[in-house]
Amino acid sequence: FTINGWQGSNAWTMVEVYDSLPESERKRIERIEMLDEQELLIQLLQHYCIAVAWNGTMFKNLSIAQG
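If you use my numbering, the sequence shown corresponds to residues 547 to 613, in order.
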């Protein structure tokens with residue numbers, strides 16, 4: 547991202563995002579998700595990420611809280 551003019555960037559795997567959710571929210575997702583095993587959900591999430599790039603300071607300290 548910085549090569550293309552962004553001042554900074556960060557990225558998290560969807561597993562990291564999922565792990566940062568409160569346990570109650572993870573349980574709710576697991577009830578909705580049609581996968582029989584949590585391991586299958588984790589395997590699916592390993593294929594995706596969230597990337598953020600910024601200019602200025604608004605997102606400079608953006609992080610995910612580990613839950």
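Backbone N, C-alpha and C define an ideal beta-carbon position, used for all residues, glycine too. Everything numeric in this text was worked out from a predicted model, so none of it was measured.
DSSP state of residue i mapped onto helix, strand, coil
| i | result |
| --- | --- |
| T559 | strand |
| I578 | helix |
| I596 | strand |
| E569 | helix |
One or two residues paired with residue i in a DSSP bridge
| i | result |
| --- | --- |
| W552 | According to DSSP, which records beta bridges pairwise, W552 is partnered with nothing at all. |
Neighbour-count burial assignment, residue i, 16 or more Cβ in a 10 Å radius
| i | result |
| --- | --- |
| L608 | exposed |
Same chain, Cβ closer than 7 Å to residue i, five either side skipped, listed in chain order
| i | result |
| --- | --- |
| I588 | V561 |
Neighbourhood of residue i by C-beta distance below 8 Å, restricted to the same chain and skipping five residues each side
| i | result |
| --- | --- |
| G551 | N601 |
| I596 | A557, W558, M560 and V563 |
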